[in-house]
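Right, one structure below, let's go through it.
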Amino acid sequence: DKGGHQHFMAKEIAEQPKVIGEAILHYLSDDGKSVVLPGKGVDFTQIDRLSLVACGTAFYACLTAKYWFEQIAGLPCDVDIASEFRYREPPIPARTAALFVSQSGETADTLAALRFCEGKASSILSVVNVPESSIARESDLALPILAGTEIGVASTKAFTCQLTVLYMLALKAAHDRGAIGDDQLTDHLSALRALPSAFNTALEGSQAMAAAAQKLAEARDILFLGRGLMFPLALEGALKLKEISYIHAEAYASGELKHGPIALIDKHVPVVVMAPRDALFDKTTSNMQEVIARSGRVLLITDPPGATEAADDAWITLTLPQVEPNLTPILYALPAQLLAYHTAVAKGTDVDQPRNLAKSVTVE
Ligand code: M6R
244 DKGGHQHFMA KEIAEQPKVI GEAILHYLSD DGKSVVLPGK GVDFTQIDRL
294 SLVACGTAFY ACLTAKYWFE QIAGLPCDVD IASEFRYREP PIPARTAALF
344 VSQSGETADT LAALRFCEGK ASSILSVVNV PESSIARESD LALPILAGTE
394 IGVASTKAFT CQLTVLYMLA LKAAHDRGAI GDDQLTDHLS ALRALPSAFN
444 TALEGSQAMA AAAQKLAEAR DILFLGRGLM FPLALEGALK LKEISYIHAE
494 AYASGELKHG PIALIDKHVP VVVMAPRDAL FDKTTSNMQE VIARSGRVLL
544 ITDPPGATEA ADDAWITLTL PQVEPNLTPI LYALPAQLLA YHTAVAKGTD
594 VDQPRNLAKS VTVE
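If you read the sequence shown in full-length UniProt numbering, its first letter stands for residue 244, the second for the next number, and so on.
Structure, rendered in structure tokens:
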């Protein structure tokens with residue numbers, strides 16, 4: 244049942260404020276002041292390092308979580324693509340927890356990476372959408388993301404629910420390790436509770452995103468740029484677009500632009516710049532100017548203060564509500580998804596069942 248939507252992907256995108264809200268409430272204590280994990284939970288004072296492993300979109304959720312665990316909790320993280328990790332067979336230092344992220348919980352490479360860590364990592368954690376899955380069953384602690392069944396091959400609500408659960412885990416790690424106090428934890432959690440409503444406001448801008456996608460649909464190549472927390476989002480935006488619209492899209496950390504990809508810029512290449520008005524905004528807008536100086540067309544995704552400063556120079560500006568800087572990756576997933584969705588609809592491709600792709604990759 245597509246719930247009145249043209250595609251499952253559209254339905255799953257629209258469900259996000261609801262399922263993100265449910266995931267938040269699931270892990271929030273009754274008084275709203277702490278994060279509660281199931282079973283024995285995790286004691287982050289006993290962990291010196293976190294190794295995050297996944298494939299595809301789940302890998303981008305891990306890359307995002309690295310910023311949170313390192314910046315808020317001071318916990319060093321490694322992030323690996325499961326197929327690289329399992330064959331590299333990296334040393335696992337003492338007091339390292341391994342964390343596997345998978346919507347299906349059945350991805351062959353992620354499961355093999357988990358099995359490699361058995362007996363080596365101090366604990367095996369997973370963030371999954373399917374609680375009965377192999378990855379969940381073989382973990383010491385499985386954290387469900389509660390996104391509900393995801394049918395569209397392009398992952399949408401599972402990504403934002405993965406991010407939500409990973410963010411709450413990072414906040415718990417920060418509190419356990421004394422990096423933030425009770426008041427800071429409460430403040431972060433109340434900002435998080437306001438996220439579903441910001442997401443609803445962002446959904447009201449869907450038409451502008453659809454209109455921008457009509458223009459992207461004419462392009463052969465598209466670049467995505469982002470810094471800090473927006474870099475993994477740029478990767479996710481490019482992957483979504485490739486998967487369902489078959490347009491060649493690549494993502495770079497904004498600071499890498501002049502180390503090669505700037506050679507690609509001309510008036511035919513739209514450049515999607517994801518840049519909330521945060522501490523890195525000026526750096527990213529200066530990269531934006533480098534694109535514009537070479538006749539590149541910038542599609543800027545930002546918030547109202549960012550739009551006031553930079554919209555005049557952009558080809559198209561999409562404006563999202565302003566949220567706590569740590570929460571921007573969850574919110575900015577929406578334009579990444581909707582740009583890909585409407586570009587695919589404009590091109591007439593099979594949105595829910597894109598060619599050559601399977602929902603669950605259970606072979607290597
Ligand atoms: O089920 P998993 O989360 O382990 O799947 C991982 C990837 O196969 C998956 O995220 C894939 O990249 C999606 N099609 C992305 O939209």
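Glycine included, every Cβ here is placed at the ideal spot set by N, Cα and C.
*Does the ligand M6R have a heavy atom nearer than 8 Å to the CB of T562?*
Taking the first residue of the sequence shown as 1, we reach residue 562 at position 319. The answer is no for T562.
*Just to check, is the beta-carbon of Q259 closer than 8 Å to a non-hydrogen atom of the ligand M6R?*
Counting from 1 along the sequence shown, the entry for residue 259 is found at position 16. It does not: the Cβ of Q259 is nowhere closer than 8 Å to a heavy atom of the ligand M6R.
*Tell me where the beta strand (DSSP E) around E493 begins and ends.*
By one-based count along the sequence shown, residue 493 stands at place 250. Run containing E493: H491 to A496, per the beta strand (DSSP E) assignment.
*May I ask you to check if the CB of C298 is nearer than 8 Å to at least one heavy atom of the ligand M6R?*
To locate residue 298, count along the sequence shown from 1; it is residue 55. Yes, the Cβ of C298 comes within 8 Å of a heavy atom of the ligand M6R.
*Which residues share a DSSP beta bridge with I465?*
The residue given as residue 465 occupies position 222 in the sequence shown. For I465, which the question treats as bridged, DSSP gives the partners A492.
_Are the CB atoms of K483 and A397 within a distance shorter than 9 Å?_
Numbered from 1 along the sequence shown, position 154 holds the residue referred to as residue 397. Numbered from 1 along the sequence shown, position 240 holds the residue referred to as residue 483. Cβ atoms of A397 and K483: closer than 9 Å.
*asked:* Which residue wins for smallest C-alpha separation from F312, given the options A422, R598 and D383?
replied: Mapped onto the sequence shown, residue 312 falls at position 69. Of A422, R598 and D383, the residue nearest in Cα terms is A422.
*asked:* What I want to know is whether the C-beta of T586 ends up closer than 8 Å to one or more non-hydrogen atoms of the ligand M6R.
replied: Walking along the sequence shown from the start, residue 586 turns up at place 343. Answer for T586: no, Cβ out of range of the ligand M6R.
*Cβ-Cβ separation, A297 to A325 (assumed contact under 8 Å), whole Å*: Here residue 325 is taken as the residue at index 82 of the sequence shown, counted from 1. Here residue 297 is taken as the residue at index 54 of the sequence shown, counted from 1. Contact holds; Cβ gap of about 6 Å.
*Is there at least one Cβ from chain B nearer than 9 Å to D430's Cβ?*
Here there is only one protein chain, and chain B is not present.
*asked:* To test your reading of the DSSP string, which unbroken beta strand (DSSP E) runs of 3 or more residues are found completely within the segment 392-446?
replied: none
*For D595, is the classification buried or exposed, using 16 other Cβ atoms within 10 angstroms of its Cβ as the cut-off for buried?*
Here residue 595 refers to the residue found at position 352 when the sequence shown is read from its first residue. It is buried - the Cβ of D595 has at least 16 other Cβ atoms within 10 Å.
*Distance, Cα to Cα, M411 vs Q565?*
Numbered from 1 along the sequence shown, position 168 holds the residue referred to as residue 411. Numbered from 1 along the sequence shown, position 322 holds the residue referred to as residue 565. Taking the straight line joining both Cα atoms gives about 20 Å.
*Can you give me the Cβ contacts of P387 inside the same chain, cut-off strictly under 6 Å, excluding the 5 residues immediately before and after it?*
As a first step, residue 387 must be located in the sequence shown, where it is residue number 144. Correct list, in chain order: P374.
*Can we count S538 as close to the ligand GTP, meaning its CB is less than 8 Å from some heavy atom?*
Of the ligands this structure carries, namely the ligand M6R, none is the ligand GTP.
*Does the distance from the C-beta atom of I508 to that of L459 stay below 9 Å?*
On the sequence shown, residue 508 is found 265 positions in, with the first residue counted as 1. On the sequence shown, residue 459 is found 216 positions in, with the first residue counted as 1. It is not a contact, given that the beta carbons lie outside the stated cut-off.
*Are at least three pairs of beta-carbons, each pair with one atom in the segment 264-283 and one in the segment 424-432, less than 8 Å apart?*
yes
*What does T339 pair with, by DSSP beta-bridge criteria?*
Translated into positions along the sequence shown, residue 339 becomes position 96. Paired residues: R292.
*Only counting runs of 4 or more residues, tell me where the alpha helix (DSSP H) segments fall wholly within the segment 568-602, in order along the chain.*
571-590
*the ligand M6R heavy atoms versus the CB of E486: any closer than 8 Å?*
As a working note, residue 486 is residue 243 in the sequence shown. Correct: E486 has its Cβ closer than 8 Å to the ligand M6R.
_Inter-residue spacing [alpha-carbon to alpha-carbon] between E255 and G264_ = In the sequence shown, residue 255 corresponds to position 12, counting from 1. In the sequence shown, residue 264 corresponds to position 21, counting from 1. Looking at the two C-alpha atoms, the distance is approximately 14 Å.
*Look at the alpha carbon of P260 and the alpha carbon of F359, and state the distance between them as a whole number of angstroms.*
Counted from its first residue, the sequence shown places residue 260 at position 17. Counted from its first residue, the sequence shown places residue 359 at position 116. P260 and F359: Cα-Cα distance of roughly 36 Å.
*Who are P564's beta bridge partners in DSSP?*
By 1-based counting over the sequence shown, the position of residue 564 is 321. Paired residue(s): none; P564 is not in a bridge.
*Between L438 and I573, which are expected to be in contact by the criterion C-beta below 8 Å, what is the C-beta distance as a whole number of angstroms?*
Taking the sequence shown and counting its residues from 1, the one referred to as residue 438 is at position 195. Taking the sequence shown and counting its residues from 1, the one referred to as residue 573 is at position 330. Confirmed, Cβ separation roughly 6 Å.
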